[in-house]
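Chains as they are written, first to last, in the numbering used here: chain W, 1 to 229; chain H, 1001 to 1081. Think of the CB as a built atom: it goes at the ideal place given N, C-alpha and C, for glycine as much as any other residue. Computed from a prediction, not measured in an experiment: that's the story for all the values here. Here's the structure we're looking at; comments come further down.
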């Protein structure tokens, strides 16, 4: 049986090997970029059906950001939204025949977790300045500094392993069942896999929000004023 | 097949089976508590289920760690190279 950790190299660009997961990622990126451009190209005051559907997605993301982070969503919408939509589409790309979700390979997930790790630092520094961001490590008191430092690494690692483990185990399970029982039997498992994929995309986005919120807020409860605009 | 391979396979199975017990019990308790909370306060269902999902993902990660360890033992075992 093929190892779930093994990679299938399709071709090389210079010294860099290009695997099938990378090609799928490019295809998803291109599809999302084209779809985003096509929907937002001609925005109208009285929205068409397509624009309405897009607005529904954006408003759902905005609502989650408001609920979870308790800030105005404008600054974080693009990052959180594209994170969620990309992982969602990547997890569901197994619906297309012959396509393996890129998130079932640990490299893609490592890249996504690294993006979140850097984004937490960038948003933290932008919101509170370098000193303010560093001081979040000393909260609630300076004894916690080593623990907070370790936590910022381990939570990134667990973000990566969680997404990888869930998606990869789904793909692996379908492979095992398919090789044991044959055609059509893994269909209920694939349906379960779609549910897991959607939930994992949601959780990845929520956790990214929680991490960013920890970096931009000073731990004090925020009043609701200015949020419910 | 040498004894290292046998030990690896057995410990992979042990890792998954015992690693699944704790998270299974914990997820059951978490869902039961969330159901209880929603039954008492149906208007807070949105917040509770969002928190529940995040919590379940955290708990589930423990089982996933065990799965990753098992797969490392089976497919990327450094001792068998």
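Delimiting residues of the beta strand (DSSP E) encompassing residue i
i	result
residue 104 (chain W)	It is not in any beta strand (DSSP E) - residue 104 (chain W) carries neither H nor E in the DSSP assignment.
Proximity winner among the options, relative to residue i (alpha-carbon distances)
i	options	result
residue 104 (chain W)	W:92, W:114, W:207 and W:115	W:92
residue 1092 (chain H)	W:3, W:127 and W:27	Chain H is shown from 1001 up to 1081; residue 1092 (chain H) falls before or after that span and cannot be answered.
residue 189 (chain W)	W:167, W:34 and W:108	W:167
residue 1076 (chain H)	H:1012, H:1003 and H:1002	H:1012
residue 1024 (chain H)	H:1068, H:1007, H:1063 and H:1067	H:1063
residue 32 (chain W)	W:191, W:86 and W:172	W:86
residue 209 (chain W)	W:48, W:28, W:56 and W:65	W:65
residue 97 (chain W)	W:16, W:14, W:24 and W:5	W:24
residue 79 (chain W)	W:49, W:7, W:70 and W:122	W:122
residue 71 (chain W)	W:127, W:49 and W:26	W:127
residue 1061 (chain H)	W:130, W:49 and W:154	W:154
Identity of the residues DSSP links to residue i by a beta bridge
i	result
residue 13 (chain W)	W:16
Test item: CB-CB of residue i and residue j under 8 Å
i	j	result
residue 60 (chain W)	residue 212 (chain W)	no
residue 160 (chain W)	residue 113 (chain W)	yes
residue 1016 (chain H)	residue 203 (chain W)	no
residue 68 (chain W)	residue 206 (chain W)	yes
residue 21 (chain W)	residue 151 (chain W)	no
residue 110 (chain W)	residue 101 (chain W)	no
residue 1009 (chain H)	residue 1030 (chain H)	no
residue 94 (chain W)	residue 171 (chain W)	yes
residue 1057 (chain H)	residue 162 (chain W)	yes
residue 1080 (chain H)	residue 1026 (chain H)	no
residue 81 (chain W)	residue 58 (chain W)	yes
residue 117 (chain W)	residue 156 (chain W)	yes
residue 62 (chain W)	residue 75 (chain W)	no
residue 88 (chain W)	residue 191 (chain W)	no
residue 176 (chain W)	residue 185 (chain W)	no
residue 14 (chain W)	residue 1068 (chain H)	no
6 Å CB neighbourhood of residue i in its chain, flanking five on each side removed
i	result
residue 115 (chain W)	none
residue 54 (chain W)	39
residue 84 (chain W)	201 and 205
residue 1070 (chain H)	1012, 1015 and 1016
residue 1066 (chain H)	1015, 1016 and 1019
residue 1048 (chain H)	1034, 1037 and 1038
residue 147 (chain W)	none
residue 9 (chain W)	17 and 19
residue 1052 (chain H)	1034
residue 41 (chain W)	none
Extent of the continuous alpha helix (DSSP H) run through residue i
i	result
residue 190 (chain W)	187-216
residue 79 (chain W)	77-92
residue 70 (chain W)	It is not in any alpha helix (DSSP H) - residue 70 (chain W) carries neither H nor E in the DSSP assignment.
residue 1064 (chain H)	1045-1075
residue 175 (chain W)	145-181
residue 1024 (chain H)	1003-1040
Cβ neighbours of residue i in the same chain (closer than 7 Å, five flanking residues each side left out)
i	result
residue 124 (chain W)	133, 136, 215 and 216
residue 51 (chain W)	39, 43 and 44
residue 228 (chain W)	For residue 228 (chain W), the predicted structure reports a pLDDT of 43, less than 50, and the residue's modelled location is therefore unreliable. The matter cannot be settled from this model.
residue 11 (chain W)	18
residue 194 (chain W)	92
residue 196 (chain W)	166 and 170
residue 145 (chain W)	137 and 138
residue 233 (chain W)	Residue 233 (chain W) falls outside the range modelled here, since chain W spans only 1 to 229, and no answer is possible.
residue 1021 (chain H)	none
Beta-carbon neighbours of residue i, restricted to chain C and to distances below 9 Å
i	result
residue 1018 (chain H)	Of the protein chains in this structure, namely W and H, none is chain C.
Neighbourhood of residue i by C-beta, 8 Å cutoff - its chain only, sequence neighbours within 5 removed
i	result
residue 28 (chain W)	86, 89, 90, 93 and 102
residue 6 (chain W)	none
residue 99 (chain W)	24 and 93
residue 1028 (chain H)	none
residue 1045 (chain H)	1038
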